[in-house]
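To start, the structure under review is shown below, and the notes come after it.
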């Protein structure tokens, strides 16, 4: 079963769910192993992002796209969630109204 990125309207929730998805596929997969796969020496930054204690930066998203080989359509959607994560003006706009903008 493939991961459904468009099911999520929050970048933090999406990344947490993706970690759970990877753990379901491989019981040995962990936050530490994912952190290393993304090129981080220590899992603390990723852990803090997943708990909402730190802001997810563009470098993490770039590494996520590269390491996980995210399809182009999904990467556009995740890019939108990244912008939403950083723009307070979009907080009141329902995702359903914005999704059509990113669909081909």
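In the working numbering, the protein residues as written are 35 to 138.
Beta carbons: idealized from backbone N, C-alpha and C, even for Gly.
(message) Taking 8 angstroms as the threshold (C-beta atoms), are residue 45 and residue 90 in contact?
(response) Walking along the chain shown from the start, residue 90 turns up at place 56. Walking along the chain shown from the start, residue 45 turns up at place 11. Against a cut-off of 8 angstroms, the Cβ pair of residue 45 and residue 90 comes out as a contact.
(request) Measure the C-alpha to C-alpha separation of residue 57 and residue 73 and round it to an integer number of angstroms. (result) The residue given as residue 57 occupies position 23 in the chain shown. The residue given as residue 73 occupies position 39 in the chain shown. When rounded, the separation of the alpha-carbon atoms in residue 57 and residue 73 is 18 angstroms.
(message) I need the straight-line Cα distance from residue 115 to residue 37, nearest angstrom please.
(response) If you number the chain shown from 1, residue 115 lands on position 81. If you number the chain shown from 1, residue 37 lands on position 3. Rounded to the nearest angstrom, the gap between the Cα atoms of residue 115 and residue 37 is 16 angstroms.
(message) Here's the rule: buried if 16 or more other CB atoms are within 10 angstroms of the residue's CB, otherwise exposed. What is residue 76?
(response) One-based indexing of the chain shown puts residue 76 at position 42. Residue 76 sits exposed, since fewer than 16 C-beta atoms from the chains shown fall within 10 Å of its C-beta.
(message) With H, G and I counted as helix, E and B as strand and the rest as coil, what does DSSP make of residue 75?
(response) Mapped onto the chain shown, residue 75 falls at position 41. Looking at residue 75 - three-state DSSP - the assignment turns out to be coil, as it is neither helix nor strand.
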